[in-house]
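Reviewing the structure listed below.
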Amino acid sequence: TPAPQGTPTASGSMNASALPADHAGRAVCQVCHVSGVGGAPKNPPDHEGRLDSTCADCHKQP
483 TPAPQGTPTA SGSMNASALP ADHAGRAVCQ VCHVSGVGGA PKNPPDHEGR LDSTCADCHK
543 QP
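Okay, so the sequence shown: first residue is 483 according to the working numbering, each after it adds one.
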């Protein structure tokens, strides 16, 4: 599994977008974010090959 990539902040942590409130409890991400179905933002190139199980490592509920 590729290492998480993103925009490091001044503290060195990654600056990943937060999950929308209506995504609480969801565990399947790639179905929408690989294809952009339903207007979901498509995964950036550095997310290729990542599994649903890794999304919440960086993307958190607000």
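Using N, Cα and C, we set each Cβ at its ideal position, and we do this for glycine too.
Could you please give the first and the last residue of the uninterrupted alpha helix (DSSP H) stretch that includes residue i?
{"i": "residue 543", "result": "Looking at the DSSP string, residue 543 is not in any alpha helix (DSSP H), and its letter there is neither H nor E."}
{"i": "residue 515", "result": "512 to 515"}
Just the C-alpha distance for residue i and residue j, rounded to the nearest angstrom, thanks.
{"i": "residue 537", "j": "residue 511", "result": "7 Å"}
{"i": "residue 520", "j": "residue 504", "result": "14 Å"}
{"i": "residue 534", "j": "residue 509", "result": "7 Å"}
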